[in-house]
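>
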Amino acid sequence: MTDQSGAKATFGSATAAIAYRPLDSRWSMLERLEIRHDRADSGIAGDNVLGVPTFADGGQQSTRAVNNLAVNYRTGNEGARHGLEASLYYGAKYVSGRFADELGI
């Protein structure tokens with residue numbers, strides 16, 4: 007995106023998700039991976055492309071990767087009585103950001 011003053015901003019996002027829930031299994035799994043990248047040159051001031059305040063003027067860029075995994079186990083079949091159900095959740099996030107003095111803009 008380029009505005010009337012010539013300031014440039016770019017944004018990219020990708021998400022992949024999978025759900026594994028076989029009807030005849032006591033196990034289920036949900037997995038999601040999200041990656042985002044945004045960049046703005048020195049013509050963009052105060053906020054990043056997402057509109058989140060950064061308290062910095064000038065060029066900036068950030069990259070984020072978020073992964074979530076949920077695994078569930080139950081002792082009985084779907085719809086039947088079961089005595090135990092257990093879930094495990096894992097989440098990880100990686101963030102990298104740079105501002106004008108590091109970018110050379």
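Residue numbers (our numbering): 7 to 111.
Virtual Cβ for every residue (Gly too), placed ideally from N, Cα, C.
Would Trp-33 pass as a contact of Tyr-96 if the rule is Cβ separation under 9 Å?
Not in contact: Trp-33 and Tyr-96 (Cβ atoms no closer than 9 Å).
> Would Val-77 and Tyr-100 be called neighbours here (beta carbons separated by less than 9 Å)?
It is not a contact, given that the beta carbons lie outside the stated cut-off.
> Leaving out the 5 sequence neighbours to the left and right, which residues in its chain are closer than 6 Å to Gly-103 when beta-carbon positions are compared?
Cβ neighbours of Gly-103 beyond the five flanking positions: Ser-68.
> I need the straight-line Cα distance from Phe-61 to Leu-39, nearest angstrom please.
Bear in mind that the predicted position of Phe-61 carries a pLDDT of just 49, short of 50, making it unreliable; the figure below should be weighed with that in mind. Roughly 28 Å between the two C-alpha positions.
> With distances taken between CB atoms, is the gap from Ala-46 to Ala-92 smaller than 9 Å?
Contact: no.
> Just mark Gly-89 as buried or exposed, buried being the case when its beta carbon has 16 or more other beta carbons within 10 Å.
Exposed: under 16 other Cβ atoms inside 10 Å.
> With DSSP run on the structure shown, which of helix, strand or coil describes Gly-97?
Gly-97: strand per DSSP, three-state reduction.
> Shortest alpha-carbon distance to Gly-65 belongs to which of Thr-81, Asp-44, Ala-20 and Leu-75?
Closest option to Gly-65, Cα to Cα, is Asp-44.
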